[in-house]
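Residue numbers (the UniProt record's numbering): 1 to 256.
For glycine and all other residues, C-beta sits at the position ideal for the given N, C-alpha and C.
Given the structure is predicted, the values throughout are model-derived calculations rather than measurements.
Contents: one structure, followed by commentary.
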(Lines of atoms letter the chains of each structure in order from A and count residues from 1; the text may use other names and numbers.)
(Lines give C-alpha, C1' and ligand atoms only; values in the text may rest on other atoms or scores of the structure.)
Protein backbone atom coordinates (compact mmCIF):
# COMPACT_ATOMS: atom_id res chain seq x y z
CA UNK A 1 0.00 0.00 0.00
CA UNK A 2 1.33 3.46 -0.88
CA UNK A 3 1.32 6.27 1.67
CA UNK A 4 1.76 5.98 5.44
CA UNK A 5 0.78 2.92 7.46
CA UNK A 6 0.93 2.85 11.28
CA UNK A 7 0.23 -0.29 13.31
CA UNK A 8 0.14 -0.86 17.07
CA UNK A 9 2.04 2.35 17.85
CA UNK A 10 2.71 2.90 21.55
CA UNK A 11 4.61 5.54 23.52
CA UNK A 12 4.99 5.75 27.26
CA UNK A 13 6.65 8.27 29.55
CA UNK A 14 7.61 7.02 32.98
CA UNK A 15 5.12 4.18 32.91
CA UNK A 16 2.23 6.34 31.65
CA UNK A 17 1.06 5.62 28.11
CA UNK A 18 0.81 8.65 25.83
CA UNK A 19 -0.21 6.36 22.93
CA UNK A 20 -1.45 2.81 23.21
CA UNK A 21 -1.84 0.55 20.20
CA UNK A 22 -2.78 3.27 17.72
CA UNK A 23 -3.29 2.28 14.08
CA UNK A 24 -4.04 4.41 11.04
CA UNK A 25 -3.58 4.51 7.28
CA UNK A 26 -2.93 7.60 5.16
CA UNK A 27 -3.10 6.44 1.52
CA UNK A 28 -1.43 8.40 -1.25
CA UNK A 29 -3.70 11.17 -2.51
CA UNK A 30 -5.75 11.28 0.69
CA UNK A 31 -5.90 13.77 3.57
CA UNK A 32 -6.56 12.14 6.94
CA UNK A 33 -7.32 14.42 9.87
CA UNK A 34 -5.97 13.52 13.29
CA UNK A 35 -7.87 15.27 16.05
CA UNK A 36 -8.92 15.00 19.67
CA UNK A 37 -8.86 16.98 22.92
CA UNK A 38 -5.69 18.60 24.20
CA UNK A 39 -3.28 15.98 25.50
CA UNK A 40 -4.84 13.15 23.52
CA UNK A 41 -1.54 12.18 21.84
CA UNK A 42 -1.75 13.83 18.42
CA UNK A 43 1.66 15.51 18.38
CA UNK A 44 3.14 12.53 20.21
CA UNK A 45 2.11 10.33 17.28
CA UNK A 46 3.94 12.56 14.81
CA UNK A 47 6.97 12.70 17.10
CA UNK A 48 6.94 8.90 17.37
CA UNK A 49 6.71 8.35 13.61
CA UNK A 50 9.58 10.76 12.97
CA UNK A 51 11.82 9.38 15.72
CA UNK A 52 11.69 12.38 18.05
CA UNK A 53 10.42 10.24 20.95
CA UNK A 54 11.02 6.57 21.72
CA UNK A 55 8.18 4.36 20.52
CA UNK A 56 7.34 0.84 19.50
CA UNK A 57 5.15 -0.32 16.66
CA UNK A 58 5.20 -0.93 12.92
CA UNK A 59 5.42 2.12 10.64
CA UNK A 60 5.76 1.95 6.86
CA UNK A 61 6.09 4.50 4.07
CA UNK A 62 5.00 3.17 0.69
CA UNK A 63 5.15 -0.30 2.30
CA UNK A 64 8.82 0.15 3.24
CA UNK A 65 9.63 -0.27 6.95
CA UNK A 66 10.51 2.90 8.84
CA UNK A 67 12.70 2.11 11.87
CA UNK A 68 11.42 4.33 14.67
CA UNK A 69 14.93 4.81 16.04
CA UNK A 70 16.26 6.28 12.76
CA UNK A 71 14.60 9.66 12.11
CA UNK A 72 16.90 10.42 9.17
CA UNK A 73 15.41 7.52 7.24
CA UNK A 74 11.96 9.13 7.38
CA UNK A 75 13.18 12.05 5.28
CA UNK A 76 14.96 9.74 2.86
CA UNK A 77 11.70 7.83 2.35
CA UNK A 78 9.96 11.08 1.40
CA UNK A 79 8.27 11.82 4.73
CA UNK A 80 8.31 15.43 5.94
CA UNK A 81 6.74 17.13 8.94
CA UNK A 82 5.96 20.50 10.46
CA UNK A 83 5.86 21.31 14.16
CA UNK A 84 3.16 22.61 16.47
CA UNK A 85 5.40 25.62 17.06
CA UNK A 86 7.04 26.45 13.71
CA UNK A 87 10.79 25.89 13.58
CA UNK A 88 12.62 28.55 11.62
CA UNK A 89 16.31 29.35 11.96
CA UNK A 90 16.51 32.92 13.24
CA UNK A 91 19.81 33.76 11.50
CA UNK A 92 18.60 32.74 8.04
CA UNK A 93 16.24 34.49 5.65
CA UNK A 94 12.96 32.94 4.61
CA UNK A 95 14.53 31.84 1.33
CA UNK A 96 17.50 30.26 3.09
CA UNK A 97 15.20 28.49 5.55
CA UNK A 98 13.16 27.09 2.67
CA UNK A 99 16.36 25.98 0.92
CA UNK A 100 17.11 23.86 3.98
CA UNK A 101 14.37 21.50 2.79
CA UNK A 102 16.98 20.03 0.46
CA UNK A 103 18.90 18.74 3.46
CA UNK A 104 17.87 15.57 5.26
CA UNK A 105 16.27 17.02 8.38
CA UNK A 106 15.67 15.28 11.70
CA UNK A 107 13.92 16.47 14.82
CA UNK A 108 16.88 18.78 15.50
CA UNK A 109 17.94 21.54 13.13
CA UNK A 110 21.68 21.32 12.50
CA UNK A 111 23.08 24.83 12.24
CA UNK A 112 26.19 23.71 10.42
CA UNK A 113 24.21 21.98 7.68
CA UNK A 114 21.91 24.95 7.21
CA UNK A 115 24.70 27.51 7.03
CA UNK A 116 27.07 25.55 4.81
CA UNK A 117 27.80 26.91 1.37
CA UNK A 118 26.30 25.17 -1.63
CA UNK A 119 28.82 23.06 -3.53
CA UNK A 120 28.30 24.71 -6.85
CA UNK A 121 26.68 27.78 -8.35
CA UNK A 122 24.32 25.57 -10.34
CA UNK A 123 23.19 23.68 -7.25
CA UNK A 124 22.62 26.97 -5.46
CA UNK A 125 20.50 28.32 -8.30
CA UNK A 126 18.43 25.14 -8.42
CA UNK A 127 17.85 25.13 -4.68
CA UNK A 128 16.90 28.78 -4.59
CA UNK A 129 14.54 28.32 -7.51
CA UNK A 130 12.83 25.39 -5.80
CA UNK A 131 12.65 27.27 -2.50
CA UNK A 132 11.11 30.36 -4.13
CA UNK A 133 8.56 28.16 -5.88
CA UNK A 134 7.65 26.56 -2.54
CA UNK A 135 7.32 29.96 -0.86
CA UNK A 136 5.04 31.02 -3.69
CA UNK A 137 2.84 27.95 -3.26
CA UNK A 138 2.18 28.76 0.40
CA UNK A 139 1.79 32.52 -0.11
CA UNK A 140 5.06 33.28 1.65
CA UNK A 141 6.88 35.17 -1.12
CA UNK A 142 7.23 38.27 1.04
CA UNK A 143 9.18 36.28 3.64
CA UNK A 144 12.02 35.43 1.23
CA UNK A 145 14.35 38.31 2.28
CA UNK A 146 13.25 38.44 5.94
CA UNK A 147 15.45 36.95 8.65
CA UNK A 148 13.74 34.43 10.89
CA UNK A 149 14.27 36.59 13.95
CA UNK A 150 12.17 39.36 12.34
CA UNK A 151 9.29 37.19 11.14
CA UNK A 152 5.87 37.36 12.79
CA UNK A 153 4.39 34.03 13.85
CA UNK A 154 2.20 33.53 10.78
CA UNK A 155 5.09 34.19 8.42
CA UNK A 156 7.26 31.67 10.29
CA UNK A 157 4.48 29.14 9.78
CA UNK A 158 4.41 29.74 6.02
CA UNK A 159 8.20 29.47 5.73
CA UNK A 160 8.15 26.15 7.57
CA UNK A 161 5.43 24.89 5.24
CA UNK A 162 7.51 25.95 2.24
CA UNK A 163 10.54 24.09 3.59
CA UNK A 164 8.70 20.76 3.81
CA UNK A 165 7.44 21.13 0.23
CA UNK A 166 10.97 21.35 -1.19
CA UNK A 167 12.10 18.00 -2.50
CA UNK A 168 8.69 16.64 -3.54
CA UNK A 169 7.60 14.79 -0.37
CA UNK A 170 5.53 11.61 -0.57
CA UNK A 171 4.00 11.92 2.90
CA UNK A 172 3.37 15.12 4.87
CA UNK A 173 2.64 15.28 8.59
CA UNK A 174 1.24 18.74 9.36
CA UNK A 175 0.97 19.61 13.06
CA UNK A 176 -1.67 22.34 13.44
CA UNK A 177 -0.50 24.25 10.34
CA UNK A 178 -3.36 26.78 10.52
CA UNK A 179 -2.28 28.10 13.94
CA UNK A 180 -1.32 31.77 13.62
CA UNK A 181 -2.70 32.12 10.08
CA UNK A 182 -5.34 34.69 9.15
CA UNK A 183 -8.48 33.77 7.18
CA UNK A 184 -6.89 34.44 3.78
CA UNK A 185 -3.82 32.38 4.66
CA UNK A 186 -6.01 29.58 6.02
CA UNK A 187 -7.97 29.44 2.77
CA UNK A 188 -4.67 29.24 0.88
CA UNK A 189 -3.62 26.39 3.17
CA UNK A 190 -6.81 24.49 2.34
CA UNK A 191 -6.17 24.94 -1.39
CA UNK A 192 -2.59 23.78 -0.95
CA UNK A 193 -3.64 20.60 0.86
CA UNK A 194 -6.12 19.80 -1.90
CA UNK A 195 -3.46 20.44 -4.55
CA UNK A 196 -1.05 18.12 -2.74
CA UNK A 197 -3.52 15.26 -2.47
CA UNK A 198 -4.52 15.76 -6.11
CA UNK A 199 -0.88 15.06 -7.03
CA UNK A 200 -0.73 11.90 -4.91
CA UNK A 201 0.78 13.18 -1.65
CA UNK A 202 -0.46 11.51 1.54
CA UNK A 203 -1.33 14.17 4.15
CA UNK A 204 -1.86 13.61 7.87
CA UNK A 205 -3.35 16.81 9.27
CA UNK A 206 -3.41 17.49 13.01
CA UNK A 207 -6.00 20.17 13.61
CA UNK A 208 -8.48 21.46 16.22
CA UNK A 209 -10.55 23.57 13.83
CA UNK A 210 -13.51 21.40 12.98
CA UNK A 211 -14.57 23.45 9.97
CA UNK A 212 -11.13 23.09 8.40
CA UNK A 213 -11.11 19.34 9.05
CA UNK A 214 -14.50 19.00 7.37
CA UNK A 215 -13.33 21.02 4.37
CA UNK A 216 -10.13 19.19 3.45
CA UNK A 217 -10.16 15.74 5.10
CA UNK A 218 -11.38 12.54 3.48
CA UNK A 219 -11.18 10.63 6.77
CA UNK A 220 -10.81 11.52 10.45
CA UNK A 221 -9.11 9.69 13.30
CA UNK A 222 -10.06 10.85 16.80
CA UNK A 223 -7.75 10.23 19.76
CA UNK A 224 -8.56 10.49 23.44
CA UNK A 225 -6.02 9.74 26.17
CA UNK A 226 -3.72 8.02 23.71
CA UNK A 227 -6.21 5.62 22.12
CA UNK A 228 -8.36 5.80 18.99
CA UNK A 229 -12.01 6.33 19.90
CA UNK A 230 -13.41 6.56 16.37
CA UNK A 231 -12.43 6.94 12.73
CA UNK A 232 -14.33 7.38 9.50
CA UNK A 233 -15.80 10.05 7.23
CA UNK A 234 -16.04 13.47 8.95
CA UNK A 235 -19.85 13.64 9.07
CA UNK A 236 -20.07 10.16 10.59
CA UNK A 237 -17.32 10.82 13.13
CA UNK A 238 -18.98 13.93 14.60
CA UNK A 239 -22.19 11.97 15.20
CA UNK A 240 -20.43 9.36 17.33
CA UNK A 241 -21.45 9.62 21.00
CA UNK A 242 -17.95 9.30 22.44
CA UNK A 243 -16.57 11.89 20.04
CA UNK A 244 -19.38 14.26 20.94
CA UNK A 245 -18.61 13.78 24.62
CA UNK A 246 -14.93 14.57 24.02
CA UNK A 247 -15.86 17.71 22.09
CA UNK A 248 -18.73 19.07 24.21
CA UNK A 249 -19.15 22.75 23.40
CA UNK A 250 -17.18 22.58 20.15
CA UNK A 251 -19.45 20.73 17.74
CA UNK A 252 -21.60 23.63 16.53
CA UNK A 253 -18.84 24.32 13.98
CA UNK A 254 -19.12 20.73 12.73
CA UNK A 255 -22.73 21.06 11.67
CA UNK A 256 -23.50 17.98 13.77
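- Secondary-structure assignment with DSSP links residue 16 through a beta bridge to 13.
- The three-state secondary structure of residue 125, taken from DSSP, is helix.
- When the Cα atoms are used, residue 149 and residue 162 turn out to be separated by approximately 17 Å.
- Between the region 32-46 and the region 198-210 there are three or more C-beta pairs closer than 8 Å, enough to call the two in contact.
- Between the region 90-101 and the region 119-137 there are three or more C-beta pairs closer than 8 Å, enough to call the two in contact.
- Look at the beta carbons and you see the region 47-60 not touching the region 232-250: under three pairs across the two are nearer than 8 Å.
- Cβ atoms of residue 11 and residue 19 come within 8 Å of each other, at about 4 Å.
- The beta carbon of residue 146 sits closer than 8 Å to the beta carbons of 93, 94 and 155 from its chain, once the five residues preceding and following it are set aside; these are given in chain order.
- By alpha-carbon distance to residue 131, the top candidate from 187, 101, 123 and 219 is 101.
- By the 16-neighbour rule on beta-carbons within 10 angstroms, residue 222 is buried.
- Between residue 243 and residue 230, the gap from beta carbon to beta carbon is short of 9 Å.
- Boundaries of the alpha helix (DSSP H) harbouring residue 96: 94-99, taken from the DSSP string.
- The closest CA to that of residue 171, considering only 21, 76, 238 and 14, is found on 76.
- Pairing residue 177 with residue 66, the inter-Cα distance amounts to about 24 Å.
- Of the residues assessed, residue 153 falls on the exposed side of the cut-off, its CB having fewer than 16 other CB atoms within 10 angstroms.
- Under the rule that a run must span 3 or more residues, the beta strand (DSSP E) segments found entirely inside the region 19-79 read 31-35 and 56-61.
- In terms of Cα proximity to residue 179, the closest of 225, 168 and 82 is 82.
- Residue pairing for residue 228: DSSP places it in a beta bridge opposite 223.
- The beta-carbon separation of residue 237 and residue 21, rounded to 19 Å, does not stay under the 8 Å limit for a contact.
- Counting other Cβ atoms within 10 Å of its Cβ, residue 233 stays below 16 and is therefore classed as exposed.
- Counting along the chain, residue 184 sits inside the alpha helix (DSSP H) bounded by residues 183-198.
- One alpha carbon belongs to residue 52, the other to residue 71, and they sit about 7 Å apart.
- Residue pairing for residue 202: DSSP places it in a beta bridge opposite 171.
- The C-beta of residue 201 has 16 or more other C-beta atoms within 10 Å across all chains shown, which makes the residue buried.
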